Amino acid sequence: MTQILSALATHSLALVVYPGLLTIVVFGFATEIAWTRVIQGRWVLPGRERPSPVVATVAFFTILVAVQLAAPFNPVPSAERNVIVAASVLGFAVWAELALTQEFMPAPGLMLIIQFCWLLAVLGPAVQPESLRPQVLGNVLVPSLLPVKVASGFLYLLCVPALMRLWPLTPPGERRSRARFDTARALCWLPYCGLFTTLFFPPSADDGLGVLRFFAITLAVAALWIFAGALMLRRGAEVARGLYRRAVAPYAVLVLVVVVITTFLMR
Amino acid sequence: MAAFAAWLGAAVIVLSDGRRGLALGLALITVAFTLLAWMGGERIAAVALLFGGAVAVVQRLRTGLDVWRVMPPGSTPRLVLAIGGGLLALWIATSVMTGAGAPLRFAALGVVGLMGSRVLMADIKPAAVLTSLAALALSVAVASGMADTGLGPSPYIAAAVIALGISLIKVQDTNGG
Amino acid sequence: MPPLALLAPVALPLAAGGVAAALGLAGLKPGRAIVGAGAWGAVLALFLLWLPVRSTQELNLGQLGFGASLDLRLDGAAFAFGLVILVPAAVLLTLQPRSWQEGTVAALGVGAAVLAVEAGGVLLTALAGGTAATLAVIQLDVEDIRAPRPPWGALLAAWLALSWAGAILQVVSGTEVYAAVPVSALTVPVFSLLAAAALMASGLFPWRGWAARLWSRPSLRAAGMAVATLYPLGFYLLVRAYELGDGRYPQPILGVALAWLGELVALGVAVRAQAASTRREYLGEVIPGFGGFALMAIALGTPVGLVAGLVMLATVGLLAACLPLLPDRAGPASVLAIAAAVGLPPGLAFGARVLGLEATFEAGDFLGLIGIAGAATWVISMVAAARAIGLPAGRGHAANETFPRIAMALAALILVAGPALPVILSVFAIPAQAGVMLDAAGSLGGGLVSVNTVQTALPALTLFAPLLLLGAIAYGITGVFRARGQARPPVFPIPGAVAFGRLRDAVRSAAVPEQYRSIVNPRALEMAAAGGRPLLWLAGLAALAFAVNR
Amino acid sequence: MEPELAIGLPAAGSVWAAVLQARPRAAFAGAAALGLSGLAVVVISTPGRSSEQLGITFSLSSESRSLLIAAAAALALVVALAPMSVERTLLLRWGLAGLAGMAAIGAATSLDTVILTVLVLAVLQAASVGSRPFTTRMRGPVLAAALLALAAAFARNDGPPILARLAGVGLVAGLSAALGTLPYIHQFDPAERTVTSPIPWIAFIGPVLALTVLTRARDLVPTEGAAFGAMMIGLGLLNMLWGSLASWTTEGGAAAWHYSFMADWGLALCGFGLAVADGERAALLVLYSILLSRLPLYLWSRQSLREKRPNDRPINLLAAAMLAGSAPFAGFAARVLLLRGATQLYSPLALVIGLGLLLWLPPSLRLGRSVGLPRGRQAWGVGGALAINVVIGLYPQPFLSLAGL
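Right, here's the structure in full:
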């Protein structure tokens, strides 16, 4: 019973504080503020209104994803983390927001394709190792598995900007202007960036340096997406759409082929 | 000789529409089968056949169109059937089948085949059907004589009773006859 | 318990149906209490029979005459499927008003379905399953003959196929009793027949199956009962096939094919669900969606997959009770039901689906690809669910057959049961799995707190319970969704729907060209054959003689 | 003496009813008493015991006895619960005549007796007033008699093997002609009374006749079992296909019933043709089903068919399920046995039969509707027929044991 109570306490701590809600909010809000600063040229801060059920839903999903990350000092034991939970619930977070708000959904078909590509990037590397522990996947350095890992990592990087709506898939006139602070997106920054760090970099040690390393990589990934997003915003929606249609989707097929070939070769 | 008579009787039934012709055909069959049964040692059976057949013939003479009407116009197919059926029965009874009793075989096969075909004809009248049935019943009894284990006179008696009974039936048919 | 008590779960609903019929014929109104009591009595009997001993019990009452014996067996699988069938049936029979004819047929159908899962052999299962199917169809037609119902031919074909499989087993191995069939007897053809029977019995196809079409009926009394009694039976066959094959299907490729089919079923459901025009239409796709995932998990051939599939079927059972009671109007009941149905964390459906997807990766080889496809499908389902909250309600069924509070309670039960996943596995799924996969016993662990598989541990109690609490707090602060029902375009058009529609129309309008109609004239053919023409008869005779002497 | 009484008592009952036409109650009571006595004699008779009291050897086999009991029960059911518009004495008179003939056929130890009985029954039926011409009504049975007689003659004489094969052809074709199955379908007039229509041949006399002919055929052509079975299966499949499709698509409701009997006979012929115990069991269950359910339902549907008032009540759906051979009705058990038998013989045949079985459903739905909304005695009758069929379907063992299977 003591063990159960202790586990309940540590899991609660993980969900609420680290790497859960509090960490998500701190990291995400900071990143989102930076993003809006970059693209709008002014500081947009979060409002003080009561969060909507949509934000609550996104937060609910993202904290579950956050506790799956291989963040140093994560109270959830590594054996209890699961990439399936992370991938599927993070997928829900994006789509729940889009579908619940009944907003104009930019190019939903294309978004779904990108979502599938992202899922392939997350789960593809797990096919051959037959492991679902995120840190195990991050730790895979077997040469024969590296092509899959690298290819998947690149696909991940390509997909997330669209999923987080950093890259425009529809021309600005068709989209609702977003002058306000996007709380739902802010809550997704850590899960997306942290999951990339978890899956494609060897896990960081449970010490101060490890924390620094983990968040440095995570921030670097966020910075990369902010940079790419800003760049793409200047090029316009047509280029972004063309990139996903003509490059990312075929590339995802290539990744799938690589996964299959690797699995076949390593049977 | 008796077997040929049976075939001839069946042929006459096939070729006739009037009561005289039908009765003649049935009479020939009755006599022929009686002789065959008698020669086969089935005396009681022979008597039964004679009795049943005779009553049927008399009954036939009393009902239906009082004419011969043998080979009415358009009888070529019937003639072909009568001759062809007879030849086929003869060939099977004598050449295909082996063993003793060829006359009995010829008579039975010929009459059964021809009577069965007669009933299937399109323009047949009830009188002809009943005559054919009586002949068929008699031939079934005669054919039972081919069985290895003799069935005794009972099939003959039953067939005679049936032939007799059939001849007593008055057909209530919208198509008349 | 005396062995004869094994008859109780079957006999009680039958007796209740008999009493309802007798009272109805006598001009009295038996009401819903009798048939409801019969079904609840069967649930109680199942618990009393299984829980104290938790081991297989058998009863053989001799030969029936068509190759099968009245051989009843209660093991883990029978207990699990018995509950999946009986609990929703009992809920619906107790709550929804029915005429005595409907009540009688429904109760008899419940008895037959339970007999199908308690049967000790394939042939008795076929007879009982066929009976349940017949009664379900009759029940649906009694309620509304013009409303959609399962194609009777497909159901009949399913149970005939199973009969044939049983017959082959008897011819090959001398027995069709599940526990006695030698492994070698479950050949690929026999398994194919069995699998075909299973797929047809539960309507597990990528296109819109009967379980979804039933939800477009004006009333959901008979539809709920049909889904509750018939839908699990196909899965039951696939689970029993493991017992016949000593824990595996005759060829691994068969399991892979079925798992892919399950994925396609789920994908088809998800694609249709995201294009649904009403909430009722969406809800109709919920159970088939679960069916697809359950098929995928069960067919993997691993203990984890099997238990995941069984838990999904348990969720199907609860949803089969919940959805027919749900009123066709927006409100918290609808939101909760949709949340429970889509597998919102940390519900029971969520845990089961995570386990199912895990199983695909742990099964090795290329099966992980099915898991990726499954995850993608799940995301589409989530899109569809979120969209469905704001859809118009759709066709309303009579208010007196809806019970929003009970429906909400059942949906809430599915959601709060997530932390209890290990308990449900231990009591419900693992005994069933252990009964049909004897070699794999003990491959799942974690006790009552977490679910430990080969690679990971799912801390269901310790992670899901606080998450549930957090969810409750979050929605307590923000309030729940208050979406106004309005028509919404599909997220994306159903691929190939237009082409398929065109093809279907072309097939429907296909006719013999005018110039050939005189050749293919059924009426003339009938007249020729049935005209009693001697020439045809002689030709028939000649043909027979020729055929024999050829 | 038992077989003779089994023949004589129903025959006497039929004659009694005919003689006392002017006094319907006395006619009915006397005929019913004699008929029931005949049934009692059949029930208490010892299967296989020979009797030669009339100079002809009679012996009732278990299978024939069981079908005779079923036929008598069917007759009792339709007479007792006949629709108000049907004259019950007339039905009883003809039923008892048929029963006497069936007893004679079932108890006959030689094919000749069977042929002569068929001729008698044919003449008796055809001689009564009917809408079809006498000559047309006689065609089928006379062809049957002629073919069976020729087959017997071929089988009894020595000669090349082709003779035995042709004898087999004659037996199968003769049986088919007597029953009125494809290719020897008896002409059917929907407006005709049932007793003078082809229905008694296919649905009442047929089961016992088929059983007896097949029993005799085994003695006559023992070496041609394979060819014989192949022909039976071939004709069986043909009838399954034709019967079910024609029953589905034909315009007339009564004709649909006629074809449905043919479809059921297709199953029975396949079962007999398989020449394995399971096949025979299957065929017997189909024949029970024809006698005890399909025939009564047909008779009860006649009025509804005339008045063109089909119905979609639960009872109609149950009737449809029964006619389609759905579980738990007897048809399902028969189908299981048939599939088992076919699997023992040749698996692809089971596949063909299995696919063929699906053709039953559409016509059965139509036929079930055509029963209309039975009321009063008729409702009890339909309920009784369904109940009997369910009992046979769920627990066929006693019925098969009665037939010695």
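Protein chains in written order, with the working numbering: chain A, 1 to 267; chain B, 268 to 444; chain C, 445 to 994; chain D, 995 to 1399. By construction, the Cβ of each residue, glycine as well, lies at the ideal position given by its N, Cα and C atoms. All figures in this text were calculated on a predicted structure; none of them were measured in a lab.
Checklist entry - Leu-387/B versus chain C: which residues are under 8 Å apart at the beta carbon? => result The contact set of Leu-387/B on chain C, defined by CB atoms closer than 8 Å, consists of Pro-978, Trp-981, Leu-982 in chain order.
Checklist entry - Within 8 Å (strictly less), CB to CB, does Arg-372/B reach chain D? => result Among the CB atoms of chain D, one or more fall inside 8 Å of the CB of Arg-372/B.
Next on the checklist: Determine whether the beta carbon atoms of Ala-1250/D and Pro-1357/D lie at a separation below 8 Å.
Outcome noted: Here Ala-1250/D is near Pro-1357/D, since their CB atoms are less than 8 Å apart.
Item to check | Neighbour flag for Gln-135/A against chain C, beta carbons, 8 Å | outcome: Not one chain C Cβ lies under 8 Å of Gln-135/A.
Checklist entry - Which full runs of the alpha helix (DSSP H) of 4+ residues lie inside the stretch 653-697 of chain C, going along the chain? => result Counting only runs of 4 or more residues that sit fully inside the stretch 653-697 of chain C, the alpha helix (DSSP H) segments are 654-657, 665-688, in chain order.
Checklist entry - Based on the DSSP secondary-structure assignment, which residues constitute the bridge partners of Phe-1052/D? => result Ser-1045/D, Ala-1102/D.
Checklist entry - For Trp-822/C, which residues in chain A fall below 9 Å Cβ to Cβ? => result For a Cβ distance threshold of 9 Å, residue set Ser-88, Gly-91, Phe-92 of chain A lies close to Trp-822/C, ordered along the chain.
Next on the checklist: Taking CB distances under 8 Å as the criterion, tell me whether Ser-1045/D reaches chain B.
Outcome noted: No, because no Cβ of chain B sits closer than 8 Å to the Cβ of Ser-1045/D.
Next on the checklist: Comparing C-alpha positions only, which one of Ala-851/C, Ala-701/C, Ala-828/C, Gly-733/C sits nearest to Ile-814/C?
Outcome noted: Taking each of Ala-851/C, Ala-701/C, Ala-828/C, Gly-733/C in turn and checking the Cα distance to Ile-814/C, the smallest one comes out for Ala-701/C.
Checklist entry - What does a CB cutoff of less than 6 Å around Ala-1021/D pick up in its chain, not counting 5 residues either side in sequence? => result Correct list, in chain order: Ala-1011, Leu-1014, Thr-1083.
Checklist entry - Any C-beta of chain C sitting closer than 8 Å to the C-beta of Ala-1318/D? => result By the rule that beta-carbons nearer than 8 Å mark a contact, Ala-1318/D touches chain C.
Checklist entry - Rounded to a whole number of angstroms, what is the C-alpha to C-alpha distance between Arg-327/B and Leu-1229/D? => result The straight-line gap from Cα to Cα measures roughly 39 Å.
Item to check | Which listed residue (Ala-1321/D, Thr-1188/D, Ala-1023/D, Gly-1362/D) has its alpha carbon closest to that of Arg-1303/D | outcome: Ranking Ala-1321/D, Thr-1188/D, Ala-1023/D, Gly-1362/D by Cα distance to Arg-1303/D puts Gly-1362/D first.
Checklist entry - For Glu-174/A, which residues of its own chain have a beta-carbon under 6 Å away from its beta-carbon, when the five flanking residues on both sides are left out? => result The predicted model places Glu-174/A with a pLDDT of 48, which falls under 50 and marks its position as unreliable; any figure quoted below should be read in that light. Once the five neighbours on either side are set aside, Glu-174/A has no close Cβ partner at all.
Checklist entry - Based on the DSSP secondary-structure assignment, which residues constitute the bridge partners of Glu-502/C? => result Bridge partners of Glu-502/C: Arg-517/C.
Checklist entry - Given Ala-655/C, which residues of its chain have a CB within under 6 Å of its CB, disregarding the five upstream and five downstream residues? => result Excluding residues within five positions, the ones whose Cβ falls inside 6 Å are Gly-647, Val-671, Tyr-675, Ile-731, Pro-732.
Next on the checklist: Counting only C-beta atoms, is Ala-1097/D closer than 8 Å to chain B at any point?
Outcome noted: Ala-1097/D does not count as touching chain B.
Checklist entry - Cβ atoms of Val-751/C and Ala-639/C: under 8 Å apart, would you say? => result The answer is no: Cβ separation not under 8 Å.
Checklist entry - Got a sec: is the Cβ-Cβ distance from Thr-1051/D to anything in chain C below 8 Å? => result Thr-1051/D does not count as touching chain C.
Next on the checklist: So that I know if they touch, is there some Cβ in chain D lying closer than 8 Å to that of Glu-587/C?
Outcome noted: With 8 Å as the cut-off, Glu-587/C does not count as an interface residue toward chain D.
Next on the checklist: What does the alpha-carbon distance come out to for the pair Val-1346/D and Pro-997/D?
Outcome noted: Between Val-1346/D and Pro-997/D, the C-alpha separation is close to 40 Å.
Next on the checklist: Tell me the residue span of the alpha helix (DSSP H) that contains Lys-1302/D.
Outcome noted: Segment: none, Lys-1302/D is in no alpha helix (DSSP H) and carries neither H nor E.
Checklist entry - Quick one: what does DSSP say Ala-1185/D is sitting in, helix, strand or coil? => result When DSSP states are grouped into helix, strand and coil, Ala-1185/D belongs to the coil group.
Item to check | Cβ contact (3+ pairs, closer than 8 Å) linking the stretch 701-715 of chain C and the stretch 766-778 of chain C | outcome: The stretch 701-715 of chain C and the stretch 766-778 of chain C do not touch, with fewer than 3 CB-CB distances between them shorter than 8 Å.
Next on the checklist: Here's a check: name, in chain order, each residue in its chain whose Cβ is nearer than 6 Å to the Cβ of Gly-1089/D, leaving out the five neighbours to either side.
Outcome noted: Result list for Gly-1089/D: Leu-1069, in chain order.
Next on the checklist: So the candidates are Arg-1159/D, Trp-1294/D, Ala-1171/D, Val-1330/D; which of them puts its Cα closest to the Cα of Gly-1375/D?
Outcome noted: Nearest of Arg-1159/D, Trp-1294/D, Ala-1171/D, Val-1330/D to Gly-1375/D, Cα basis: Trp-1294/D.
Next on the checklist: Looking at chain A, is there any beta carbon in it that lies within less than 8 Å of the beta carbon of Tyr-726/C?
Outcome noted: Among the CB atoms of chain A, none fall inside 8 Å of the CB of Tyr-726/C.
Checklist entry - Name the DSSP bridge partner or partners of Asp-1152/D? => result Residue pairing by DSSP places Asp-1152/D opposite Thr-365/B in a beta bridge.
Checklist entry - Val-322/B versus chain D: which residues are under 7 Å apart at the beta carbon? => result Per Cβ cutoff of 7 Å: no residues; Val-322/B is ~16 Å from chain D at best.
Checklist entry - Is any beta-carbon of chain A found at less than 8 Å from that of Phe-510/C? => result Not one beta carbon of chain A lies nearer than 8 Å to the beta carbon of Phe-510/C.
Item to check | Neighbourhood of Ala-1098/D by C-beta distance below 6 Å, restricted to the same chain and skipping five residues each side | outcome: Cβ within range, chain order: Ile-1001, Thr-1111.
Item to check | Buried or exposed (CB count within 10 angstroms, at least 16 for buried), Gln-128/A | outcome: When all chains shown are included, Gln-128/A counts as buried.
Next on the checklist: Here's a check: name, in chain order, each residue in its chain whose Cβ is nearer than 8 Å to the Cβ of Ile-436/B, leaving out the five neighbours to either side.
Outcome noted: Closer than 8 Å at the Cβ level, and outside the excluded window around Ile-436/B, lie Leu-397.
Item to check | Cα-Cα separation between Val-142/A and Lys-149/A, rounded to whole angstroms | outcome: So the two alpha carbons sit approximately 10 Å from each other.
Item to check | Anticipated Cβ contact below 8 Å, Gly-138/A with Pro-202/A, distance rounded | outcome: Indeed they touch by this definition, with Cβ atoms about 6 Å apart.
Checklist entry - alpha helix (DSSP H) containing Met-740/C: first to last residue? => result Counting along the chain, Met-740/C sits inside the alpha helix (DSSP H) bounded by residues 730-743.
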